[in-house]
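Trainee: Order-wise, the sequence lines are chains E and G.
Counting in UniProt numbering, the first sequence runs from 1 upward without gaps.
Counting in UniProt numbering, the second sequence runs from 1 upward without gaps.
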Amino acid sequence: MSAPVLAERQPPPSAPAAPAPRSPRDRAAFRQALRRNLTAHGFLIGAVLCFSFFSWYPMVREFFLAFEKRENGATVWAGWSNFTYIFNDPAFWQAWRNTLLFTGLALLLGFAVPFVVALVLNEFRHGRGYLRLLVYLPVMLPPVASVLLFKYFYDPGYGLFNRVLGAVGLPEQQWLQSTDTAMLSVVIAATWMNMGGATLIYLAALQGVPGEQYEAAELDGAGILRKIWHVTIPQTRLVLSLMLLMQIIATTQVFVEPFLLTGGAGPEGATLTVVQLIYQYAFTFNNYGSAAALGLVLLVLLAAFSAAYVRLSRASEE
Amino acid sequence: MTRSGMIRPRDRRRHAAALASALALAALAACGTSSSDDGGGGGGDAVDAAEAAAPLDPAAKVSLTIDCMPPATEKAELRQWKEDVEKFNEKYPNVTIEGKQTDPCLEPPRFTAMLKAKSQPDVFYTYFTDLQQVLDNDGATDISAYVNDRTVPALKDMDPGVLDVLKRDGKLYGLPCSNYTMGLLINRPLFEKAGLDPDRPPATWPEVRAAAKRIAALGDGTAGFGEYSAGNNGGWHYTATTYGLGGDIVDERGTGAAFDDARGRRILDNLKAMRWDDDSMGRTQLLKWGDLQKQMAAGKLGMFLAAPDDITYMVQNLGAKYEDYGMAPIPGQRATLFGGNDYMIKKGISSDKVKAAVAWITFKFLTPGKGQFDWARTKADGLPVGLPQPAFWTGATKSADDKARAASSTMPVANFRAFTAHPVQGRHEPPKAQEIYKVLDTVMSAVLTNEDADTGKLLDTARRQVDQILANQ
């Protein structure tokens, strides 16, 4: 009898659910455990209900919506027709091309710039707090205000950027109004608006790198670039890889910046993104089935990418 | 740790629990799937025609919820609404009107969500273009049997084209409260400054181009003509321009695009010439509704295609003055795009409620001399009178309304003479309008942002895309 009692007193953290209590003593222990956990379950149930109604249920509903359509006032089974519709829509491929372009450019700018800024900030001994505030300030601005600011900067007629280019004798640009520069212009604005948060996270990670390692590297004759390559990046790899994953997921879902800067599609559809297309299907064409189908495609691709990324990261760690 | 098999026993339990949760949620989702036959009892569609045509029973106590009551910030309009409710209750003391303040009256995402949730008020506000969406969501009552010369006395003098927009398969689903046709809005001070006669506005596209060039020559960032090319508004205006020149966007059978022709290329070539050769359209493009109004109210734009209520928007929101603007018919004048708004009645409500709703809409919006057509009161309340909108009356009712409107006008109605003296036949939007506008937006944005745009190629691509949209109907 002693072994089960010991097991009850010291349950291993990953033990399977306890078997049904057999003796009165077992039952008392079970009731005690239940009472002990009741409060925790009480707290948990609120969160579970919230997630169920506002997160999981809409996801399941979206899955069904992707296979439904409205016909003469009734919801009918649509089979794969919503998917056929989106794959046949010329805007579908254009939106994916644009989204991938945005993601690529955002990685070049939005991933590298905050890291470099964090590196620079980390070197300052004085006024670091003020500099952090300055870098973070754009994040505190409402996105609409930031976008309006950039809309003014980019205006080809009276915008600030063209005035600056003109003042230094460079040719003026069409910025948001040219298919060549529209997406780059959106990325620049988005990077400025969002880099503050990433910079602070990188800065926190950099401050955790032991100073001795830099000293050791210096003794070995390493310059700045080699110190970054051999000390900083390996030491912050976990944060960097997590931020990379989050950034790719976030940029693939870009919506606000192009929507406000170019009115959505931009010149010849150059800034139409996947999430904008979903919005258009749902709220402009009232085609919820196709919106759900495209949302599902995006979800599957992002989930597959995240899974592959995590697996590769684990493999490289091992 | 080693793994024996694909899934560990503990994981199996987890997966089973996850599957059970998913199935439970799926069942919940299936329960949430709406169907069409939630009639709600008594609603209009199944009601006896003779019974429906009869007036509202004074003994029946009815309570109605109604969309688009003016917000508290619009004091005069709200006061008028309350006065009208009181007067209506003198005739129908058995009807309780519960107005719902919504500002603006309709926002597409909110409207769509409202229809999906079936949470629209008993009497709800829509745009003419929303009929298909409302029917897809089984949201409106067929009111054909309720609307006749007894319940809507001025029915015989209502433009049948306006009522047709609210019909599907011969059934009527709404009653209009306002309508508009698109024309050419001009900035009179800029016309005068450029040596042009604002009382003889351009009537053709070559005249528009010539006038735009002269206005743009004033300099200081002034544009002669403005056009949309974002937010589907570019496609919308391309459609209006095509109608003005006698063309069409979709063929008669509604199965193919009809804009890829010499006329379509002429429209784009003209815009391209104004934008790039004449430099008379300003350098800022990708504009959508609201942008051109700002430019014009700031005195920086000479002309753009608009409806009369664009002037009201500029006066009420951008500090403009009515006397600075004039309207002309759309260039070409073969036809023009029309639109408007209306009230529909929620499906599933009782027959008495439908009758009360028709009585209220008629009293407030469709009775000459009363409600919104009480121009003397509108003037006394300091609100504008004189815009050529709404314009859905014909015959004797139109003559009487025009007279009453002119007698109480608060703006120089002569500025709209070119527009009102030459009414252009209104045409409604093509099928799949927003999807087609999206395609045509690309064409418009290309012409206005790319100096080397190939108009023939653009139209060819757009035609193929629109053909595909129509094939998927």
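C-beta: ideal position from N, C-alpha, C; glycine also.
Do residue 326 of chain G and residue 97 of chain G come within 8 Å of each other at the CB atom, strictly closer than that value?
Mentor: Their beta carbons are not under 8 Å apart, which means residue 97 of chain G does not touch residue 326 of chain G by this criterion.
Trainee: For a contact meaning CB atoms closer than 7 Å, what does residue 176 of chain E contact in chain G?
Mentor: Those are 286, listed as they occur along chain G.
Trainee: Could you give the distance in angstroms between the alpha-carbon of residue 259 of chain E and the alpha-carbon of residue 82 of chain E?
Mentor: Distance between the alpha carbons of residue 259 of chain E and residue 82 of chain E is about 24 Å.
Trainee: For residue 233 of chain G, which three-state DSSP category applies?
Mentor: DSSP places residue 233 of chain G in helix when its eight states are reduced to three.
Trainee: In three-state terms, what does DSSP make of residue 158 of chain E?
Mentor: Looking at residue 158 of chain E - three-state DSSP - the assignment turns out to be coil, as it is neither helix nor strand.
Trainee: Which first and last residues belong to the alpha helix (DSSP H) in which residue 214 of chain E is found?
Mentor: Note, residue 214 of chain E: alpha helix (DSSP H), 211-219.
Trainee: So, with DSSP's three-state summary, where would you put residue 116 of chain G?
Mentor: Residue 116 of chain G falls in the helix class under three-state DSSP.
Trainee: Spell out whether any CB of chain G is found under 8 Å from the CB atom of residue 286 of chain E.
Mentor: Yes, residue 286 of chain E counts as interfacial toward chain G.
Trainee: Let me see if you follow: with CB-CB separation under 8 Å, is residue 101 of chain G close to chain E or not?
Mentor: It does not; no Cβ of chain E falls within 8 Å.
Trainee: Check whether the segment 194-214 of chain G touches the segment 278-292 of chain G, counting contact only when three or more Cβ pairs, one atom from each stretch, lie closer than 8 Å.
Mentor: Yes, the segment 194-214 of chain G touches the segment 278-292 of chain G.
Trainee: I want to see whether chain E comes within less than 8 Å of residue 389 of chain G, judged by CB atoms only; does it?
Mentor: So no, residue 389 of chain G is outside the interface.
Trainee: Let me make sure I understand the geometry here. Which of E/264, E/279, E/313 has the alpha-carbon closest to that of residue 441 of chain G?
Mentor: Minimum Cα distance to residue 441 of chain G is reached at E/264.
Trainee: Is it right to say residue 399 of chain G is buried, meaning 16 or more other beta carbons lie within 10 angstroms of its own, or is it exposed?
Mentor: With fewer than 16 Cβ atoms within 10 Å of its Cβ, residue 399 of chain G is classed as exposed.
Trainee: Could you give the residue range of the beta strand (DSSP E) that holds residue 184 of chain G?
Mentor: Here the beta strand (DSSP E) through residue 184 of chain G covers 183-187.
Trainee: Starting from residue 156 of chain E, find everything on chain G with Cβ-Cβ shorter than 9 Å and list it in chain order.
Mentor: What residue 156 of chain E touches in chain G: 283, 284, 285.
Trainee: Under three-state DSSP, which class holds residue 313 of chain E?
Mentor: Correct three-state label for residue 313 of chain E: helix.
Trainee: When you compare only the Cα positions, how much space is there between residue 246 of chain E and residue 301 of chain E?
Mentor: Spanning the two alpha carbons is a distance of roughly 14 Å.
Trainee: With burial defined as no fewer than 16 other Cβ atoms inside 10 Å of the residue's Cβ, what is the status of residue 238 of chain E: buried or exposed?
Mentor: Looking at its Cβ environment, which holds fewer than 16 other Cβ atoms inside 10 Å, residue 238 of chain E is exposed.
Trainee: Is any beta-carbon of chain E found at less than 8 Å from that of residue 317 of chain G?
Mentor: Chain E, which has no Cβ nearer than 8 Å to the Cβ of residue 317 of chain G, makes this no.
Trainee: Under the rule that 16 or more other beta-carbon atoms within 10 Å means buried, what is residue 44 of chain E, buried or exposed?
Mentor: Exposed, because fewer than 16 other Cβ atoms sit within 10 Å of the Cβ of residue 44 of chain E.
Trainee: Could you name the residues of the same chain whose beta carbon sits closer than 7 Å to that of residue 419 of chain G, not counting the 5 residues immediately before and after it, in chain order?
Mentor: Taken in chain order, the residues that qualify are 183, 327, 328, 329, 388.
Trainee: Ends of the beta strand (DSSP E) at residue 37 of chain E?
Mentor: Note, residue 37 of chain E: premise wrong, no beta strand (DSSP E); alpha helix (DSSP H) at 24-51.
Trainee: Which word fits residue 93 of chain E, buried or exposed, when buried means at least 16 other C-beta atoms lie within 10 angstroms of its C-beta?
Mentor: With fewer than 16 other Cβ atoms within 10 Å, it is exposed.
Trainee: Does any residue of chain E have a CB that is nearer than 8 Å to the CB of residue 441 of chain G?
Mentor: True, the Cβ-Cβ gap to chain E drops below 8 Å.
Trainee: With distances taken from CA atoms, which of E/279, E/303, E/73 is nearest residue 139 of chain G?
Mentor: Ranking E/279, E/303, E/73 by Cα distance to residue 139 of chain G puts E/73 first.
Trainee: Taking all protein chains shown into account, decide if residue 146 of chain E is buried (16 or more other Cβ within 10 angstroms of its Cβ) or exposed.
Mentor: Classification of residue 146 of chain E: buried, given that the 10 Å Cβ count is 16 or more.
Trainee: In the segment 87-101 of chain E, which residues sit with their C-beta less than 7 Å from some C-beta in chain G, listed in chain order?
Mentor: Answer set for the segment 87-101 of chain E: 88, 90.
Trainee: Starting from the C-beta of residue 95 of chain G, find all residues in its chain whose C-beta is less than 6 Å away, skip the five residues before and the five after it, and write them out in chain order.
Mentor: These residues qualify, in order along the chain: 62, 356.
Trainee: State the start and end residues of the unbroken beta strand (DSSP E) segment that holds residue 146 of chain G.
Mentor: Where residue 146 of chain G is concerned, there is no enclosing beta strand (DSSP E), given that its DSSP letter is neither H nor E.
Trainee: Mind checking if residue 42 of chain E is an interface residue toward chain G, Cβ cutoff 8 Å exclusive?
Mentor: With 8 Å as the cut-off, residue 42 of chain E does not count as an interface residue toward chain G.
Trainee: Kindly indicate if chain E contains any beta-carbon less than 8 Å away from that of residue 135 of chain G.
Mentor: Yes, residue 135 of chain G counts as interfacial toward chain E.
Trainee: For residue 205 of chain G, tell me which candidate among G/347, G/333, G/57 has the shortest Cα-Cα distance.
Mentor: Checking every option, the nearest Cα to that of residue 205 of chain G belongs to G/333.
Trainee: Please classify residue 170 of chain E as buried or exposed, where buried requires at least 16 neighbouring CB atoms within 10 angstroms.
Mentor: The residue in question, residue 170 of chain E, is exposed, as its Cβ has fewer than 16 Cβ neighbours within 10 Å.
Trainee: Cα separation between residue 105 of chain G and residue 35 of chain E?
Mentor: Approximately 54 Å between the Cα atoms of the pair.
Trainee: Is the beta carbon of residue 492 of chain G sitting closer than 8 Å to the one on residue 128 of chain G?
Mentor: This structure gives no information on residue 492 of chain G, because the portion of chain G shown stretches from 1 to 473.
Trainee: Between residue 167 of chain E and chain C, is the shortest Cβ-Cβ distance under 8 Å, so that the two count as touching?
Mentor: Protein chains E and G are contained in the structure displayed, whereas chain C is not.
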